[in-house]
Every structure is written in C-alpha cells, then in structure tokens.
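Peer 1: Note that the working numbering has the sequence shown beginning at 59, numbered continuously upward.
What follows is a single structure, and I will ask about it in a moment.
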Amino acid sequence: MPYQQRIDRRRPGCFLFLVDQSGTMQQAIGGSAQVRKGQALSDTVNDVLYAVLIECTKDVREEEPRHYFDVGVIGYGGPGTVAPVVGAAGREPLVPSAHLPRYARVETREKLLPDSEGRYRQVSRRSMVWLDPVWYGSTPMCAALQYAHKVLKRWAARHRDSFPPIVLHVTDGMATDGDPRRAAARLRRLRTADGRLLLFNLHLSARGEHAVYFPSAPVGGTDPATELLYEMSSELPAGLVEEAGYADRIAPGARGFVYNADVPELVDFMRIGTATTGRVRAG
59 MPYQQRIDRR RPGCFLFLVD QSGTMQQAIG GSAQVRKGQA LSDTVNDVLY AVLIECTKDV
119 REEEPRHYFD VGVIGYGGPG TVAPVVGAAG REPLVPSAHL PRYARVETRE KLLPDSEGRY
179 RQVSRRSMVW LDPVWYGSTP MCAALQYAHK VLKRWAARHR DSFPPIVLHV TDGMATDGDP
239 RRAAARLRRL RTADGRLLLF NLHLSARGEH AVYFPSAPVG GTDPATELLY EMSSELPAGL
299 VEEAGYADRI APGARGFVYN ADVPELVDFM RIGTATTGRV RAG
C-alpha cells in the first residue's frame, strides 16, 4: 500500500508551500475588516514551519534540529515572478529542517487571533518569522506549478525510498498565465517508491461565504475556480487524515481541497497537509 513510509534522517520527508502573493492578497479574509489574506497566510505558514522545527528537535542538548524534512516556500505574484522566499538569498528552493533557524528572525508581534466566539483579539507574542506578507500584481500559478515540478523531480529522484513530497498550494484567485490543470497533473505524476506526490489546494475567501471543506465529489457552483481546483487536487490518504485527528470530519475519498476558506479552514488545511510530522522516528 502507498503512503506508509515512516520518516527518519535516511528517508526525510518533503513539504513545499506554494503561496499566492498577487495583488488581491491584500484584501481582508472571510469578509473581516481586520485580517488581510496575505497576513493570515504568512502567519499560518510561519506557525507551521515552527511546528515542523519542534518535531525535528528530539534532544534539547543538540545544537540544531535534525534533518527529518526538506522544506520550501515558493512565492508567486507580480509580473510573472516565481521565487523561493526561504533560504540563502532566495537561491535554495528546499531547505533541510536542521537549517530552518538560520533563515528566521525572532520578533514580538501583535497578532489578531480568533477567540472561542469567533471574534478577533490582539495578542502579543514572540514568533519566528520566515515569511512576510507580500501582495503585488498578477497570479502566475502555472509558472509556480512548473517551478515546483522542476524542484521536486530532482528531490524525488534522490529520495526514492521516502514518503512522497507534499505540496500545499494557497491562492485566492484564478491563474493569469493559462490553465493550470496540465501543470498540476504533471506535478502529481511525480512519485517515490511509496506513492505519488500529493498536491493540496486551498482557496482563500474575501466574502465570508460557506466553505467547501475537503469534498469527496465535485461541487457545483458559479465560480469556475471551484471545479478547477478540485480537479487539480490529490485524494487525501486515509492515514494522513487519521494522524491529523480529522477522521470524523472528512469522508473517505475526499480531495485535499478547501474553497472559500477563512482562518480556521486555513489552519485545518495546514495541519492535515503536514500530518507526516507525526511519522518521524528518532534516528
């Protein structure tokens, strides 16, 4: 059966975040006037990278975390700009988890966090920051998927025995450089001995409408992006859903796809997409 491989230093895993940095990411998320989509996305990615770092720190006496994952964050926006945003001056598309602290800064930030009643409150806390909110220009999604293919084709060839790469793609609109389905299908065909690459897609909402949450069948609607992103998304392996603690909320056969997401759905998406952190074993 595919998607069974455990993760250790001889067989690291791989996460690649594709983040939309186009001009519309400055809009408020979910109809809220308080949080911009780009800010919510950067905050969540920073939190996820920190969680990965913690999972890779098995012994506080060691000088650096262990190399259990290769991690990349690729931003796309502007006039066809696609580039790594974590690494040495943007030259390293994938960074070993052991090196993540080198590329972060630590600062005290005022963050808007939802309370139990869904209201946002400002909280001060010290955070490790890898990704800053950026919004500019168009949405070169096809170019971003093609770049991811180039990076992960090399990774998969060098890590044949590893759990396959997981791509977490977050956008708020349609591609402005063509139909991304062909590039997405080509990306999903990459594989290791443990299965095909997993591509998960999330669409951020500016309107606060009802979210489409990990559907197991195509969802009708007037927005063509719904069908397109569903078609682009891999099926969620049951093991990942169980390990993330969402088995009672997500039906078998569901796709890794969320539409019209607000902050809670964005957090769920990231937790499920990075659930392989629970497969780390010392060594």
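Each residue gets a CB set at the ideal place from its N, CA and C atoms; glycine is no exception.
Just so it is clear, the structure is predicted and the values come from calculations on it, not from any experiment.
Where does residue 333 land, buried or exposed, given buried means 16+ other C-beta within 10 angstroms?
Peer 2: So residue 333 ends up on the buried side.
Peer 1: Cutting at 7 Å between CB atoms, please list the residues of its own chain near residue 140, excluding the five before and the five after it.
Peer 2: Within the same chain, residue 140 has close Cβ partners 132, 134, 198, 201, 202, 205.
Peer 1: When you compare only the Cα positions, how much space is there between residue 259 and residue 227?
Peer 2: Their backbone Cα atoms lie some 5 Å apart in a straight line.
Peer 1: State yes or no: is the C-beta of residue 150 within less than 8 Å of the C-beta of residue 159?
Peer 2: Cβ distance not < 8 Å, so residue 150 and residue 159 don't count as in contact.
Peer 1: Is the region 322 to 338 touching the region 99 to 110, taking contact as three or more C-beta pairs under 8 Å?
Peer 2: Segments in contact, yes.
Peer 1: How is the alpha helix (DSSP H) around residue 282 delimited, first residue to last?
Peer 2: Per DSSP, residue 282 belongs to the alpha helix (DSSP H) from 282 to 290.
Peer 1: Where do the ends of the beta strand (DSSP E) carrying residue 139 lie?
Peer 2: Element bounds for residue 139: 139 to 142.
Peer 1: Using only the alpha-carbon positions, how far apart do residue 249 and residue 179 sit?
Peer 2: Their Cα atoms are separated by approximately 43 Å.
Peer 1: Determine, using beta-carbon pairs with one atom in the region 76 to 94 and one in the region 293 to 312, whether at least three such pairs fall under 8 Å.
Peer 2: No: fewer than three Cβ pairs fall under 8 Å.
Peer 1: Are residue 182 and residue 165 closer than 8 Å when you measure CB to CB?
Peer 2: Contact: no.
Peer 1: Measure from the alpha carbon of residue 247 to the alpha carbon of each residue in 195, 207, 285, then state which is nearest.
Peer 2: Comparing Cα-Cα distances from residue 247 to each of 195, 207, 285, the minimum goes to 207.
Peer 1: Have a look at 231, 156, 283, 292 and flag the residue whose alpha-carbon is nearest the alpha-carbon of residue 83.
Peer 2: Measuring from the Cα of residue 83, the nearest candidate turns out to be 231.
Peer 1: Considering only residues of the same chain and omitting the five flanking positions on each side of residue 187, which have a CB-CB separation below 7 Å?
Peer 2: Excluding sequence neighbours, residue 187 sits near 104, 162, 163, 165.
Peer 1: Looking only at its chain, what residues have a beta carbon closer than 8 Å to the beta carbon of residue 81, apart from the 5 residues adjacent to it on each side?
Peer 2: Excluding positions up to five away in sequence, the list reads 135, 193, 194, 195, 196.
Peer 1: Quick one: Cα of residue 123 to Cα of residue 282, how far?
Peer 2: Between residue 123 and residue 282, the C-alpha separation is close to 43 Å.
Peer 1: How about residue 70 and residue 253: do their beta carbons lie closer than 8 Å?
Peer 2: No, the Cβ-Cβ distance between residue 70 and residue 253 is not below 8 Å.
Peer 1: Assuming residue 286 and residue 239 form a contact by the criterion Cβ under 8 Å, report the distance between their Cβ atoms to the nearest whole angstrom.
Peer 2: About 7 Å; that satisfies the 8 Å criterion.
Peer 1: Using DSSP with H/G/I as helix, E/B as strand and the rest coil, what is residue 105?
Peer 2: In the structure shown, residue 105 sits in a helix (DSSP, three-state: H, G or I).
Peer 1: Pull up the CB-CB distance for residue 74 and residue 223, whole angstroms please, since I reckon it's below 8 Å.
Peer 2: That pair is a contact at about 6 Å.
Peer 1: Alpha carbon to alpha carbon, what distance is there between residue 125 and residue 288?
Peer 2: Cα to Cα, residue 288 sits roughly 33 Å from residue 125.
Peer 1: Between the C-alpha atoms of residue 63 and residue 233, what's the straight-line distance to the nearest angstrom?
Peer 2: For residue 63 and residue 233, the distance between alpha carbons rounds to 34 Å.
Peer 1: How about residue 255 and residue 209: are their beta carbons less than 8 Å apart?
Peer 2: Not closer than 8 Å, so no.
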